[in-house]
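Data first, discussion second: the structure below is written as structure tokens.
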Amino acid sequence: MSKRVRVRFAPSPTGGLHLGGVRTVLYNYLFARKHGGDFLVRIEDTDQTRYVAGAEEYIFNTLKWCGLEPDESVQHGGNFGPYRQSERKASYRQYAEQLVLAGQAYYAFDTPEELEKMRQDFKTTENPSPQYDHTIRLKMRNSLTLSAEETSQLLAAGTRHVIRIKMPENETVSFTDMIRGEVRFETGTVDDKVLLKADGMPTYHLAVVVDDKAMEISHAFRGEEWLPSAPVHILLWKYLFGIDQMPQWAHFPLILGPNGKLSKRDGAKYGFPVFAMNWTDPKTGELTEGFKEKGFLPEAFINLLALLGWNEGTEQEIYSLEELVEKFSMERVHSAGAKFDYEKAKWFNHEWIKQSGVGSLEPGVGNLLKENGLEVPSRETLRKVIELVKERCTLLTDFVQQSSFFFKTPETIDTAAVKPKWNEAKKLFFTELIRNYELATDWDAHTLENNFKEIAAVNELKPGELMLPFRIMLVGGKYGPGVFDIAALLGKAETLQRIETAMKLLQD
Ligand code: GLU
């Protein structure tokens, strides 16, 4: 019987969630949904020195914004808790000690000074940063070099110690990655990683294996940066639970920025977001911009992340979450690094804005306008404005600039763009237009356009030459949707007033 599909996202709460982190969430989520399994979030907070307040809450807020809610977590409950590793502390030591008893791990009593001395003493040009490994372990202070009695005494006296895995000198271990196929490692090149720290907390290596087993994880997906740790994990699975119990693994490709691995600094340097949502480092106060605040729709963000490392093998690029659940497969995730292209990311957002219904854009745009001090007279007006300008907005934040003239009189009017061609005939035309519009009983775009064209014809003027001045009078600049749609929505009084104000300015 095949195991129930259970996957996990296992973040360490050390800061904001980077693109790559959210992509890991997404692929986990898609896989779980596709196979009718469970998706859980486990907080890996055993490294107390890296713990950052607020990071855990941020992670859950991000998942909520993305619509990737887990089935089980600290916040969602579940039968496999606790879902925070620090709260599982008591469960790890027995496994580390079991390994010591079996000769697969050992106690190490080396002080930080002794470790530093080792790094200095064994440093050579070929090996500038010596590791605690099979070539060195017998020169250190541990239960392999001390007598059983000495070791017991040190332990009984409560001497600070760690437990390290004893990596075999000469073994080949391998596993089959769902993306990369067979991956092999020589154990002799891997150091004796610490499994249990002096504070009694496990390291990631021990905790990930113990918890993946305890939480009945069937598939473990993580970033490529974890591949070098795989041999340690494979051995731990073999020693503790049996290799047949090990989840199936997949290691996702790196996300590349303009110069190699995408970093937080790239964002600041090139002006694009790297985190899902704004993140302020509580220690330094440094703000790292998020896709959400930059004006991305969660649908677009998910869509672009899905394609950063996966494709279906067709030309299709726009996918909804439901469609991704249906089409996604781990076998089509690439093993080569995926290049992040901000222009392409914006293209996805533009496509999503265009195809989003007014109803779904309304809350976000409404809030944004309010935050920017624009007073929207009614929901109906807001809906009409969104419909008119959404084609022109690449980012949600573009709605502010693209629609502010609907809600307040433009502060500046680009008269310089009109003046060179402004003449008596045009002046007469607009004077007549004011008169005509004043008397208009129907105030809709169609009537306004007809009247405009009729007056132009009577005056033997080309409507094309009058449209730009009209637009600039209403909007302030050379942008915006159809000018008669704008006038219709502005209403009679406001339209007439804007024409008059602009004409006065053109007179000066
Ligand atoms: N805690 C690890 C991280 O922060 C998780 C790696 C894994 O998923 O096994 O990325």
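The numbering of the sequence shown is my numbering, which starts it at 66 and goes up by one. For glycine and all other residues, C-beta sits at the position ideal for the given N, C-alpha and C.
Taking 7 Å as the cut-off, is the CB of residue i close to at least one heavy atom of the ligand GLU?
i: residue 213; result: no
i: residue 285; result: yes
i: residue 37; result: Past the edges of the chain, shown from 66 to 573, lies residue 37, and the structure says nothing about it.
i: residue 120; result: no
i: residue 314; result: no
i: residue 77; result: yes
i: residue 291; result: yes
i: residue 440; result: no
i: residue 358; result: no
i: residue 269; result: yes
i: residue 137; result: no
i: residue 152; result: no
i: residue 454; result: no
i: residue 273; result: yes
i: residue 281; result: no
i: residue 109; result: yes
On the three-state DSSP scale, how would you describe residue i?
i: residue 253; result: helix
i: residue 573; result: coil
i: residue 191; result: coil
i: residue 478; result: coil
i: residue 196; result: coil
i: residue 203; result: helix
i: residue 557; result: helix
i: residue 331; result: helix
i: residue 273; result: helix
i: residue 267; result: strand
i: residue 138; result: strand
i: residue 222; result: coil
i: residue 496; result: helix
i: residue 321; result: strand
i: residue 490; result: helix
i: residue 505; result: coil
i: residue 404; result: strand
i: residue 548; result: helix
i: residue 458; result: coil
i: residue 185; result: helix
i: residue 483; result: coil
If we ignore side chains and look at the alpha-carbon of each, how far apart do residue i and residue j end up?
i: residue 484; j: residue 499; result: 19 Å
i: residue 211; j: residue 124; result: 45 Å
i: residue 513; j: residue 359; result: 37 Å
i: residue 72; j: residue 379; result: 27 Å
i: residue 465; j: residue 540; result: 13 Å
i: residue 299; j: residue 334; result: 39 Å
i: residue 508; j: residue 451; result: 20 Å
i: residue 242; j: residue 383; result: 28 Å
i: residue 78; j: residue 272; result: 15 Å
i: residue 256; j: residue 238; result: 14 Å
i: residue 122; j: residue 76; result: 12 Å
i: residue 331; j: residue 240; result: 34 Å
i: residue 235; j: residue 159; result: 27 Å
i: residue 338; j: residue 127; result: 14 Å
i: residue 402; j: residue 291; result: 14 Å
i: residue 392; j: residue 74; result: 21 Å
i: residue 495; j: residue 473; result: 22 Å
i: residue 274; j: residue 280; result: 10 Å
i: residue 564; j: residue 443; result: 24 Å
i: residue 524; j: residue 489; result: 12 Å
i: residue 325; j: residue 409; result: 18 Å
i: residue 304; j: residue 164; result: 7 Å
Check the DSSP bridge columns for residue i and list the partner residues they point to.
i: residue 83; result: 340
i: residue 72; result: 104, 284
i: residue 313; result: 284
i: residue 229; result: 171, 259
i: residue 398; result: 375
i: residue 241; result: 247
i: residue 355; result: 340
i: residue 345; result: 352
i: residue 326; result: 321
i: residue 595; result: This structure gives no information on residue 595, because the portion of the chain shown stretches from 66 to 573.
Inter-stretch contact (C-beta, 8 Å, three-pair minimum) for the segment 431-448 and the segment 457-473: yes
Touching by the beta-carbon criterion (3+ pairs, under 8 Å), the segment 254-266 and the segment 218-234: yes
Is there contact between the segment 195-212 and the segment 146-153, where contact requires at least three CB pairs shorter than 8 Å? no
Flag this pair as touching only if the segment 314-325 and the segment 275-293 have three or more C-beta atom pairs under 8 Å; answer yes or no. yes
Is the segment 383-400 close to the segment 111-125, with three or more CB pairs under 8 Å? The segment 383-400, when compared against the segment 111-125, does not touch it at the 8 Å Cβ threshold.
Taking three-plus beta-carbon pairs below 8 Å as touching, is the segment 357-377 in contact with the segment 78-89? yes
The segment 178-191 touching the segment 127-144, judged by at least three CB pairs closer than 8 Å: no
Is there contact between the segment 414-430 and the segment 442-458, where contact requires at least three CB pairs shorter than 8 Å? Yes: the two stretches touch, three or more of their Cβ pairs being nearer than 8 Å.
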